[in-house]
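Below you'll find the structure, written out as structure tokens, and then a few comments.
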Amino acid sequence: MCAQEDEQEAEEEVREDEAPQAPEEVSGEAPRGVGVRSIAAMEFLKWFFLSLGIAGFIGWLGNMTSGPIFYGLYEYTIAENIPVANIAFGVILLLGCAVAAKQRSSEIRARDAGLEGRLDEANHNLAMVSGELSENMRKLSREMGRAKRLSDDLETAKDTVAQQRTKIRSLTAERDKLDAELKVTQEKLVHALAPDITEVKGIGAKTADRLREMGIRDVIDLLKTSPDELATRTEVPPKVIAKWFEQAVALQGKAGG
Numbered sequence: 007m008c009a010q011e012d013e014q015e016a017e018e019e020v021r022e023d024e025a026p027q028a029p030e031e032v033s034g035e036a037p038r039g040v041g042v043r044s045i046a047a048m049e050f051l052k053w054f055f056l057s058l059g060i061a062g063f064i065g066w067l068g069n070m071t072s073g074p075i076f077y078g079l080y081e082y083t084i085a086e087n088i089p090v091a092n093i094a095f096g097v098i099l100l101l102g103c104a105v106a107a108k109q110r111s112s113e114i115r116a117r118d119a120g121l122e123g124r125l126d127e128a129n130h131n132l133a134m135v136s137g138e139l140s141e142n143m144r145k146l147s148r149e150m151g152r153a154k155r156l157s158d159d160l161e162t163a164k165d166t167v168a169q170q171r172t173k174i175r176s177l178t179a180e181r182d183k184l185d186a187e188l189k190v191t192q193e194k195l196v197h198a199l200a201p202d203i204t205e206v207k208g209i210g211a212k213t214a215d216r217l218r219e220m221g222i223r224d225v226i227d228l229l230k231t232s233p234d235e236l237a238t239r240t241e242v243p244p245k246v247i248a249k250w251f252e253q254a255v256a257l258q259g260k261a262g263g
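For what it's worth, the working numbering labels the leading residue of the sequence shown as 7, then goes sequentially.
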């Protein structure tokens, strides 16, 4: 399962590498040198024509007020005594205005071209940011998938550990039970093989009954009992009890041998 998931992640990374990249920036502006030269030429023509037109108009006013100037430039007239020079300078003035309008239009177009270029650049940067964001989202999705798989594996491991602990507790309880049964069986076997209390010299039937009432059935029980306690409860002299213990040890030795 993990191998298949790794292969899927590898395929996703390959598809990301083959995904189309953001388009390269394309400038919408004209060559800077050509624009500068064109604007400079129109600036010159504008002021040249405007200056000639204004100068001609001033000369015509001078002729009207203070007599002929400019060496009779305004002597030649056409219908209704309109000087030809006035018409020429008026045309020149109109040309200056036309050049000024053309220059303004060129400036507006250049500004619009610059705005379009900056807009294209902004769109390009936005496409790059969008691509990076998409890639980061895919990476985040893969990392979240890996984290989910690790979390699932951890939960599976926890369940496995819990099951193993339950099995261990069950086996431990079963072992303790078997140990207790074995201990009981061993004690029963030891007592079954041990000599009876009546085989000790000096212990008759009545004394044996009293000892059995005290829980002493064989020489093993006798050896486990304190001599002082035995003397107190049976009212038998300590010397006699000491002899009982000597004989019980001898009998147990023979039975064990």
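Glycine is no exception: its CB is placed at the ideal position from the N, C-alpha and C atoms.
Subject >> Contact belief for Gly208 with Val246 at Cβ below 8 Å, rounded distance in angstroms >> reply: 6 Å
**OP:** Pick out whichever of Ser57, Gln170, Glu235, Ile114 has its Cα sitting closest to the Cα of Leu100.
**Re:** Ser57
**OP:** Along the alpha helix (DSSP H) that carries Thr213, what are the first and last residues, could you check?
**Re:** 211-219
Original post:
Taking all protein chains shown into account, do 16 or more other C-beta atoms lie within 10 angstroms of the C-beta of Ile174, making it buried, or fewer, making it exposed?
Top reply: The residue is exposed, with fewer than 16 neighbouring Cβ atoms inside 10 Å.
**OP:** Leaving aside the five residues before and after Met220 along the sequence, list all residues of the same chain whose C-beta is less than 7 Å from its C-beta, in chain order.
**Re:** Arg239
**OP:** Determine the closest residue to Asp227 out of Val242, Pro243, Ala94, Ala198, with distance taken between C-alpha atoms.
**Re:** Ala198
Original post:
What do you reckon, are the CB atoms on Glu258 and Leu229 nearer than 8 Å?
Top reply: Per the sequence presented here, residue 258 reads as Gln, with Glu not at that position. In contact: Gln258 and Leu229 (Cβ atoms closer than 8 Å).
Subject >> Range covered by the alpha helix (DSSP H) that runs through Pro233 >> reply: Segment 233-240, the alpha helix (DSSP H) holding Pro233.
Original post:
Cα separation between Ser165 and Asp158?
Top reply: The amino acid at residue 165 is misidentified as Ser; the sequence shows Asp. Rounded to the nearest whole angstrom, the CA to CA distance from Asp165 to Asp158 is 11 Å.
**OP:** Starting from Asp227, trace the alpha helix (DSSP H) both ways and give me its first and last residue.
**Re:** 225-230
Original post:
Do Thr231 and Ile222 have their CB atoms nearer than 8 Å?
Top reply: With contacts defined as CB atoms closer than 8 Å, Thr231 and Ile222 qualify as a contacting pair.
**OP:** Specify the secondary structure class of Val255 as computed by DSSP and reduced to three states.
**Re:** Secondary structure at Val255: helix, using DSSP grouped into helix, strand and coil.
Subject >> Beta-bridge pairing of Asp202 - partner residues as DSSP gives them >> reply: Asp224
Subject >> Status (buried if at least 16 other CB within 10 Å, exposed otherwise) for Val225 >> reply: buried
Original post:
Near Met143, which residues of its chain fall below 6 Å by C-beta distance, leaving aside the five closest residues on each side in sequence?
Top reply: none
Original post:
Do the CB positions of Leu217 and Ile203 come within less than 8 Å of each other?
Top reply: yes
Original post:
Once you ignore the five residues that flank Lys145 on each side, which residues in its own chain have a CB closer than 6 Å to its CB?
Top reply: none
**OP:** For my contact list, Val196 and Gln253 are in at a C-beta cut-off of 8 Å; report their separation, rounded to the angstrom.
**Re:** About 18 Å; that fails the 8 Å criterion.
**OP:** With a threshold of 16 other CB atoms inside 10 Å of the CB of Val105, please say whether the residue is buried or exposed.
**Re:** buried
Original post:
Rounded to a whole number of angstroms, what is the C-alpha to C-alpha distance between Gln170 and Thr178?
Top reply: 12 Å
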